[in-house]
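For the sequence shown, position 79 (counting from the first letter as 1) is numbered 1396 according to the working numbering, and the numbering increases by one without interruption. Okay, so here's the structure we're looking at.
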Amino acid sequence: MKSKIKASPKHLFQALENLISNAIRYTPGGGKVKVVADKKDGKVLVSIIDTGIGIPKKDQDKIFSKFFRASNAVLKEADGSGLGLNVVKLFIEENGGKVWFKSEEGKGSTFYVALPFWEATESPRP
């Protein structure tokens, strides 16, 4: 049986596109961005790993808040509304998943997205 992700394809694409775009935007030239997908415990785990500017500790608990931008992102003068990560969290959680991250300022960030698989007897989300 094929494994299928229990998520709206549109929402999943938008969420991953946002996370990958952020990783690219906040990683200086010569840095690296890597996307890894694994199957684990009935879920797919996608990791977006970068060697970018990272998120300051003082900002980490607010990073998924609406209109919030990390202080070093504002200083970098990168475009952004502060809505992207909030929308990612809403989309992923709405589809039964979870999103979290690890980050160290000046060293980079890893964002994780875990989404459940659905059984053949279930209908995928629209």
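All C-beta atoms, glycine included, are put in the ideal place defined by N, C-alpha and C. A quick note: this is a predicted structure, and the numbers were derived from the prediction, not measured.
Since residue 1309 and residue 1400 are thought to touch, with beta carbons under 8 Å apart, how far apart are those beta carbons, to the nearest angstrom? Lying before the first or after the last residue shown, residue 1309 is absent from the chain, which here runs from 1318 to 1443.
What's the C-alpha gap between residue 1337 and residue 1365? 7 Å
Around the Cβ of residue 1340, are there at least 16 other Cβ atoms within 10 angstroms (buried) or fewer (exposed)? buried
Please say whether residue 1422 and residue 1345 have beta carbons closer to each other than 9 Å? no
Note down the Cα distance separating residue 1386 from residue 1367, rounded to an integer number of angstroms. 18 Å
Between the alpha carbons of residue 1410 and residue 1349, how many angstroms are there, rounded? 28 Å
Relative to the C-alpha of residue 1342, which candidate in 1430, 1380, 1419, 1370 has its C-alpha closest? 1370
CA-to-CA distance, residue 1418 to residue 1428, given in whole angstroms: 4 Å
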